[in-house]
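Since the structure comes first, as structure tokens, the remarks are kept for the end.
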Amino acid sequence: MRLAPLAIAAAVLTAGSAVAADRATDLDYLKASRCRGLAVGLAADTSALDAYLKTEARSRDLFVVQRGSEEEARGKKDARRAERAGKSSEELNGPCQAYKG
10 MRLAPLAIAA AVLTAGSAVA ADRATDLDYL KASRCRGLAV GLAADTSALD AYLKTEARSR
70 DLFVVQRGSE EEARGKKDAR RAERAGKSSE ELNGPCQAYK G
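When we follow this note's numbering, the leftmost residue of the sequence shown carries the number 10, and every step to the right adds one.
This is the structure we're talking about:
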């Protein structure tokens, strides 16, 4: 009978670590913010990025959220510049796909 409480405690600890591992880092949040800026600048759909950023913003410090706004503005600017439009499109269709998940 003493094994049951130990098994329950082990299950709770394992579940807790899995939840913590799924949390995105501040760097992920900033990258996703840039991706949203690229999507806006290239007139692409932002709904998946919006949902990701809304969820992740809840657990961020205000400084990180503000920095995310700066990254989004930088992404918009890069997407609108003609010489960077190709690279921006590649970035949006490549690494940014991880945040649309």
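The C-beta atom is built at its ideal place from N, Cα and C for all residues, glycine as well.
When DSSP assignments are scanned along the region 75-109, the uninterrupted stretches of alpha helix (DSSP H) that are 4 or more residues long and fall wholly within it turn out to be 94-102. Per DSSP, the continuous alpha helix (DSSP H) segment holding residue 45 begins and ends at 35-50.
Counted as a single uninterrupted DSSP element, the stretch harbouring residue 70 is not any alpha helix (DSSP H), since DSSP gives it neither H nor E. Of the residues 48, 71, 68, the one whose Cα lies closest to the Cα of residue 95 is 48. With contact defined as three or more Cβ pairs closer than 8 Å, the region 57-71 and the region 96-104 are not in contact. For residue 50, same chain residues with a beta-carbon under 8 Å away, outside a window of 5 residues either side, are 84, 85, 86, 87, 88, 89, 97 in chain order. The distance from the Cβ of residue 82 to that of residue 110 is about 24 Å, inconsistent with a contact at the 8 Å cut-off. Taking the Cα positions, residue 75 is about 15 Å away from residue 44. Take residue 42, set aside five residues on each side of it, and the residues of its chain with a beta-carbon closer than 6 Å to its own are 77, 80, 81, in chain order. Collapsing the DSSP output to three states places residue 53 in coil.
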